[in-house]
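Each residue of the sequence shown is one higher than the one before, starting from 77 at the first, in the numbering used here.
Written below as structure tokens is the structure these notes are about.
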Amino acid sequence: VQLKTDSQGVMHVAPAVARRWRVSPDGRTLNFELSHSARWSDGRPVTAHDFVFAFRRALSLQTAAEYAFFLFPIHNAEAYWKGTVNDFAQVGVKALDAGHLQIILEKPHPFFLQLLATPIALPLRQDNLEKQGSQFTEAGKFITNGPYQLSEWVHESTMTLTPNAALNPAEKGLKIRFLMINDPNTALVMFDNHQLDYIDTLPVAEIRHLKTAPAYQEAYGEQSLYALHYFGFNTLKPPFKDVRVRRAFAMAFDRRVIPTLLQSGQTAYNGLIPPGLIGANQTIGLGLNSREARRLLSQAGYHFRAGRCVDFPKITLGFRAQYGLQREAEIAQFLWHRALGVEIRLQPMDWKAYLSQLAQPETASAPNLFRLNWFVDYPDADSLMGLFLKANGNNHTGWHHEDYDRWVEEAAKTTDPHARRALYDKAQRLILRQEAALIPLYVPLKTYLLRPGLGAISVNPLNVLELDGLLDKPQKGG
77 VQLKTDSQGV
87 MHVAPAVARR
97 WRVSPDGRTL
107 NFELSHSARW
117 SDGRPVTAHD
127 FVFAFRRALS
137 LQTAAEYAFF
147 LFPIHNAEAY
157 WKGTVNDFAQ
167 VGVKALDAGH
177 LQIILEKPHP
187 FFLQLLATPI
197 ALPLRQDNLE
207 KQGSQFTEAG
217 KFITNGPYQL
227 SEWVHESTMT
237 LTPNAALNPA
247 EKGLKIRFLM
257 INDPNTALVM
267 FDNHQLDYID
277 TLPVAEIRHL
287 KTAPAYQEAY
297 GEQSLYALHY
307 FGFNTLKPPF
317 KDVRVRRAFA
327 MAFDRRVIPT
337 LLQSGQTAYN
347 GLIPPGLIGA
357 NQTIGLGLNS
367 REARRLLSQA
377 GYHFRAGRCV
387 DFPKITLGFR
397 AQYGLQREAE
407 IAQFLWHRAL
417 GVEIRLQPMD
427 WKAYLSQLAQ
437 PETASAPNLF
447 RLNWFVDYPD
457 ADSLMGLFLK
467 ANGNNHTGWH
477 HEDYDRWVEE
487 AAKTTDPHAR
497 RALYDKAQRL
507 ILRQEAALIP
517 LYVPLKTYLL
527 RPGLGAISVN
537 PLNVLELDGL
547 LDKPQKGG
């Protein structure tokens, strides 16, 4: 299956390789009928056996697939991954024949079909993987079953896609070339010089101009994303071990200022779950209250003199070295100094070094505060709420709570939308209000430039570029 965005911007599960499917009355058994027209790029039909092989490989300990847990709702999938079940025939994935795939779940699951639209659930050709080994994803060796195939790949530089000839033989002249450009200002210059037809990321300082300038009126586009942008507290080190200090910083932060000053289209937001997903609640976090913030710092043992918190330790705010994030960090530094009289050192870092420090939160060099974002993998609140479970390796706050874990895990198994919403409300109040493990910032807005007349290209709320429409209206020169 695949995810498609409707005219209201809501994402729905739609047929892809499967032409149709049926769900049993108890919600546990899903039977998929594959399309007769589904073809690999070498012309062979896509079969149910290709899915069974892909699922078995993803759940193998030897593969160590990072997102194998997406398949755990399947009967015995987690047990096979852990090694307590050794025979894959006992896992609830079965090819009834070449054209029919059956999946049996442990119990009804509210967003399992969305999980099947993620890369971990894509089919895989066993013969090609065994022939090519670790090189099977390289250009010329990668056999695909989507609308495009990978024809060229210069690592860290360019990628070129051409239509899957088995599906679209008439579109052989179309080429889509991706250039990996780290500097958005460079990309903008190349767009102006007609060296690029689409820019994925715009310079933050230029967004307001690009949105209003007549020369870019037809090219400018934007899309709200399912994502969380936040400041996180390192709760394993002082001073943010103390919940009173975390609450003080959350209540002293005016989240309206960053969108106002940067003018890049974001909307201040005070919840974990973005609009459009079940459980979204924009006012569920702590509100602005500088007086109460100072009282909490005093209660935690710190003292104020002439507007300054004289004995508060100097702390570090870490973030990835980027212009837009530097501006956000400077604004936050100013806001906390104004409201609480505290000193904050800014620490921009290379991305890999930054992640390395976040992975070791108890070390002396780890930042006290950090700026991160998380884009959902599938259009359900679970993709965000699960980020702060104790077992999630991407939970860099060091915070965890048994109640939070229990409510989020229960919500992931609850099919009643009202009951799910109630569980997510409780979990958000706990992590944002009672425990203040992080500070949500805003609803992100994807801004981009697309050459007018290029064709039906769009960005969906998952921040995925949808290119299928180019096959309906191919452009000369690619």
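Ideal Cβ placement from N, Cα and C applies to all residues, glycine included.
Short CB-CB distance (under 9 angstroms) between residue i and chain C
i, result
"S117", "Included in the structure is just one protein chain, with no chain C present."
Among the options, nearest to residue i - alpha-carbon criterion
i, options, result
"L514", "P437, T105, L348", "L348"
"E109", "D102, F380, H125, G103", "H125"
"P223", "A303, L286, S117, P199", "S117"
"R104", "G168, V122, T81", "G168"
"P537", "V77, M87, P91", "M87"
"L191", "G119, F148, L434, F164", "F148"
"Q202", "R284, I196, I219, Y306", "I219"
"S83", "T139, L547, V535", "V535"
"W412", "F388, Y430, L401, P424", "F388"
"W483", "H472, P516, G462, A467", "G462"
"K158", "L135, E182, T123", "L135"
"T439", "G85, L312, F127, A487", "L312"
"N240", "I252, T234, N221, E228", "N221"
"Q166", "V128, Y500, R505, V321", "V128"
Counterpart residues of residue i in DSSP-defined beta bridges
i, result
"Y224", "P239"
"W229", "M235"
"S534", "E542"
"I252", "L237"
"G618", "Outside the shown range of the chain, which is 77 to 554, sits residue 618, and nothing can be said about it."
"D173", "H176"
"W97", "F108"
"K522", "Q299"
"I275", "L525"
"V89", "L79"
"R421", "T392"
"R496", "Partner(s): none; R496 has no beta bridge."
Helix, strand or coil at residue i [DSSP, three-state]
i, result
"P245", "helix"
"N107", "strand"
"E154", "helix"
"V161", "coil"
"P550", "A caution first: P550 carries a pLDDT of 46, below 50, which makes its placement in the model too unreliable to give a value."
"T336", "helix"
"G474", "coil"
"L137", "coil"
"H270", "coil"
"S210", "helix"
"S300", "strand"
"V167", "coil"
"A193", "coil"
"A344", "strand"
"L181", "strand"
"R120", "coil"
"R284", "helix"
"F148", "coil"
"R381", "strand"
"R482", "helix"
"F451", "strand"
Cα-Cα separation between residue i and residue j, rounded to whole angstroms
i, j, result
"I360", "S300", "20 angstroms"
"V319", "L445", "14 angstroms"
"G474", "A242", "49 angstroms"
"E232", "I257", "9 angstroms"
"G554", "F254", "A caution first: G554 carries a pLDDT of 39, below 50, which makes its placement in the model too unreliable to give a value."
"P493", "T262", "46 angstroms"
"K207", "S111", "26 angstroms"
"A457", "L521", "18 angstroms"
"G303", "F451", "As written in the sequence, residue 303 is Ala, which differs from the Gly given in the question. Computed Cα separation, rounded: 4 angstroms."
"A174", "R133", "19 angstroms"
"H477", "N244", "52 angstroms"
"L541", "I275", "11 angstroms"
"Q551", "L530", "Note that Q551 scores 46 on pLDDT, short of 50, meaning its location in the model is unreliable; the coordinates nonetheless yield the value given after this. Whole-angstrom Cα-Cα distance: 6 angstroms."
"P199", "Q138", "18 angstroms"
"Y563", "R120", "This structure leaves residue 563 out entirely; the chain is present only between 77 and 554."
"R96", "I180", "16 angstroms"
"Y345", "T277", "22 angstroms"
"N470", "P290", "42 angstroms"
"E485", "R396", "31 angstroms"
"T490", "E154", "19 angstroms"
"Y480", "A488", "12 angstroms"
"P516", "K317", "19 angstroms"
"Y292", "D453", "31 angstroms"
"L543", "L250", "12 angstroms"
Using 8 angstroms as the cut-off, can you tell me whether the segment 334-350 makes contact with the segment 271-287, which would need three or more C-beta pairs spanning the two stretches below that distance?
yes
Measuring CB atoms only, is the segment 374-385 touching the segment 399-409, in the sense that at least three cross pairs come out at less than 8 angstroms?
no
Count the CB pairs spanning the segment 364-372 and the segment 315-331 that are closer than 8 angstroms, and state whether there are at least three.
yes
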